[in-house]
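Going line by line, the protein sequences match chains A and B. Heads up, the first sequence is in our numbering, so the first residue is 240 and it goes up one at a time. Heads up, the second sequence is in our numbering, so the first residue is 26 and it goes up one at a time. Every residue, glycine too, gets a C-beta built ideally from N, C-alpha and C. Quick notes on the structure that follows.
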Amino acid sequence: MGMGAPLRSSAGAGAHDAAPDPAPDARLVERVRAGDAEAYGELVRRHMRRAFSIAYRILEHREDAEDVVQEAFLRALERFGSLEPGRPFAPWMYRIVVNGALNYRRARSVRRTEAIPEDVRADGTPPDGAAERAELRRRLKQATASLPERQRTIVQLVELEGFTSAEAAEIMGLSDGTVRWHLHQARRTLREALAPLLEEER
Amino acid sequence: MNDERRGHVPPPDALRRALRAASPEPPLDAVDWDALHGRVMAQATQILARTTVRRRWWDEVAAWASRGIPITAVSAAAAALVLVLGGLPIAPRIVDHETFAAVPMTLEDVLAAEAGPLFGDGSAEDALTLALLGYEGEEP
């Protein structure tokens, strides 16, 4: 898989922060290699929002996502030597985040039976207009849960985070063709599962 | 797939919209970014110091290795060459070399050199004459 292209992000409607410009990243990476802690602090600051966003898509829990991001940045630093010279920092970093989030979710699924929904009020009632959304979300959860983990992650990166298939491929360590195939399969599964609801919505 | 053929399958944009509408947005405003950054950097500084020390040690070795390997290879090749040459018979080579170097440049020199020992302390001219006769196959 080619990891040469810098990650700029397609930044779709669901994407929050575009991946930072890779040129300053390269300079910061060189400084970190020389032991410059301040440079690593700058790298963390530049990428932590996007890293959090990716982790949150997978975990759907703020504190868990924060823990994963923190752990991922420390793990990245410990493995900094494995970042080949000239290779862009962002996809390498986001891959560590994705792997960390997936591992965290696997471990969490042992501890918890269900993720805690965050759009429920303190008194336990859903906010206005949330009933339909809750139904759609329930159906989507079922449908996405039925997807293989790899397809689910690709859907989260491409459809929700706004990465292109090529960018998702870099993050996942797969070829673009493989990501496209998984995306096609996942979309077909989701479309079939959600067709009735989406028809009503139109 | 059947739904797709019947035209009931929503287009990708509708699916994307539904996914985004149904998925909780990352609560970026709820995160204390400075605190998160601080937590990361509190441990990162220690890791960096540790790994930098390790890297410097390793870099030192690597730098020596990068210089040492070619030097060792050249030295080994030179030593092998010396050993190979040292095993060859040198004397015949020198003799050959001297023989070729000593090849007389003129016919007179050849004849004088060959005739000299035959006639002891005879004069050079006599020796030359006799040698010429001998050279031509005549009896002296």
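Legend entry - Whole-angstrom distance between B/H62 and A/E388, CA atom to CA atom: On the first sequence, residue 388 of chain A is found 149 positions in, with the first residue counted as 1. On the second sequence, residue 62 of chain B is found 37 positions in, with the first residue counted as 1. So the two alpha carbons sit approximately 30 angstroms from each other.
Inset, instruction - List the residues of chain B that A/V283 touches, going by C-beta distances under 8 angstroms, in chain order. - result: Sequence index remark: in the first sequence, residue 283 of chain A carries index 44 (1-based). Ordered by position in chain B, the residues that pass the 8 angstroms Cβ test against A/V283 are H62, V65, M66, A69.
Legend entry - Chain-ordered chain A contacts of B/T76 [CB-CB under 9 angstroms]: Taking the first residue of the second sequence as 1, we reach residue 76 of chain B at position 51. Residues of chain A passing the Cβ test: G274, L316, E317, F319, G320.
Inset, instruction - Under the assumption that B/L40 contacts A/R378 (Cβ atoms under 8 angstroms), give the Cβ distance between them as a whole number of angstroms. - result: Taking the first residue of the second sequence as 1, we reach residue 40 of chain B at position 15. Taking the first residue of the first sequence as 1, we reach residue 378 of chain A at position 139. With 8 angstroms as the limit, B/L40 and A/R378 do not qualify as a contact, their Cβ atoms being about 12 angstroms apart.
Legend entry - Pair within 7 angstroms by beta-carbon distance, A/A346 and A/V307: As a position in the first sequence, residue 346 of chain A is number 107, starting the count at 1. As a position in the first sequence, residue 307 of chain A is number 68, starting the count at 1. No; because the gap between Cβ atoms is not below 7 angstroms, this pair is not in contact.
Legend entry - Neighbour list for A/R450 in chain B, Cβ cutoff strictly below 9 angstroms: The question about residue 450 of chain A has no answer, for chain A in this structure spans 240 to 441.
Legend entry - Any 3 or more C-beta pairs closer than 8 angstroms across the stretch 293–302 of chain A and the stretch 323–337 of chain A: yes
Inset, instruction - List the whole-angstrom C-beta distance separating A/I393 from A/A382, where the pair is believed to meet the contact cut-off of C-beta under 8 angstroms. - result: As a working mapping, residue 393 of chain A is identified with position 154 in the first sequence. As a working mapping, residue 382 of chain A is identified with position 143 in the first sequence. That pair is no contact at about 14 angstroms.
Legend entry - alpha helix (DSSP H) segment containing A/T392, residue limits: Locating residue 392 of chain A in the first sequence gives position 153, counting from the first residue. Start and end: 388–394.
Inset, instruction - Check the Cβ-Cβ distances between A/Y343 and every residue of chain B, and say whether any is below 7 angstroms. - result: As a position in the first sequence, residue 343 of chain A is number 104, starting the count at 1. It does not; no Cβ of chain B falls within 7 angstroms.
Legend entry - First through last residue of the alpha helix (DSSP H) which encompasses A/A447: No answer is possible for residue 447 of chain A: it lies beyond the span of chain A, which begins at 240 and ends at 441.
Inset, instruction - Answer with yes or no whether the minimum CB distance from B/L73 to chain D is below 7 angstroms. - result: Included in the structure are the protein chains A and B, with no chain D among them.
Legend entry - Rounded straight-line distance, which links the Cα of A/T428 to that of A/P356: Locating residue 356 of chain A in the first sequence gives position 117, counting from the first residue. Locating residue 428 of chain A in the first sequence gives position 189, counting from the first residue. At A/P356, the pLDDT of 49 sits below 50, so the modelled position is not reliable; the number obtained from the coordinates is stated separately. Whole-angstrom Cα-Cα distance: 24 angstroms.
Legend entry - Residue nearest to A/E310 in terms of C-alpha spacing, selected from A/E323, A/G320, A/V337: Looking up residue 310 of chain A in the first sequence gives position 71. Measuring from the Cα of A/E310, the nearest candidate turns out to be A/V337.
Inset, instruction - Quick one: using the 10 Å Cβ neighbour count with 16 as the cut-off for buried, is A/H300 buried or exposed? - result: Taking the first sequence and counting its residues from 1, one reaches residue 300 of chain A at position 61. It counts as buried.
Inset, instruction - Answer with yes or no whether the minimum CB distance from A/F221 to chain B is below 7 angstroms. - result: As displayed, chain A neither begins before 240 nor continues past 441, which places residue 221 of chain A out of reach and without an answer.
Inset, instruction - Excluding the 5 residues preceding and the 5 following A/T352 in the sequence, name in chain order all residues of the same chain whose CB lies nearer than 7 angstroms to its CB. - result: The count along the first sequence starts at 1 and reaches residue 352 of chain A at position 113. Any reading at A/T352 needs caution, since the residue's pLDDT is 47, under 50, leaving its predicted position unreliable; the model's value is listed next. Taken in chain order, the list of residues that qualify is empty.
Inset, instruction - Go ahead and label A/V199 buried or exposed: buried means 16 or more other beta carbons lie within 10 angstroms of its beta carbon, across all protein chains shown. - result: Because chain A is modelled from 240 through 441, residue 199 of chain A falls outside the range shown and cannot be assessed.
Legend entry - Inter-residue spacing [alpha-carbon to alpha-carbon] between B/A102 and A/A273: As a first step, residue 102 of chain B must be located in the second sequence, where it is residue number 77. As a first step, residue 273 of chain A must be located in the first sequence, where it is residue number 34. Rounded to whole angstroms, B/A102 to A/A273 spans 37 angstroms at the Cα level.
Inset, instruction - Look at A/Y279 and A/V271 and say whether their C-beta atoms are less than 7 angstroms apart. - result: Here residue 279 of chain A corresponds to residue number 40 of the first sequence, with the count starting at 1. Here residue 271 of chain A corresponds to residue number 32 of the first sequence, with the count starting at 1. Yes.
Legend entry - Residue nearest to A/Q424 in terms of C-alpha spacing, selected from A/G320, A/S385, A/P263: Against the first sequence, residue 424 of chain A aligns to sequence position 185. For A/Q424, the nearest C-alpha among the options comes from A/S385.
Inset, instruction - Work out the CA separation of A/E277 and B/W58 for me, nearest whole Å. - result: Indexing the second sequence from 1 puts residue 58 of chain B at position 33. Indexing the first sequence from 1 puts residue 277 of chain A at position 38. If I take the Cα positions, the gap works out to 16 angstroms.
Inset, instruction - Pull up the distance between the alpha-carbon of B/A104 and that of B/A74, whole angstroms please. - result: In the second sequence, the residue the question calls residue 104 of chain B occupies position 79. In the second sequence, the residue the question calls residue 74 of chain B occupies position 49. Rounded to whole angstroms, B/A104 and B/A74 show a C-alpha spacing of 44 angstroms.
Inset, instruction - Drop a sphere of 10 angstroms on the beta-carbon of A/D358, count the other beta-carbons inside from all chains shown, and report buried for 16 or more, exposed for fewer. - result: Here the question's residue 358 of chain A lines up with position 119 in the first sequence. Because A/D358 carries a pLDDT of 47, less than 50, the predicted location of this residue cannot be relied on, and the following value inherits that uncertainty. So A/D358 ends up on the exposed side.
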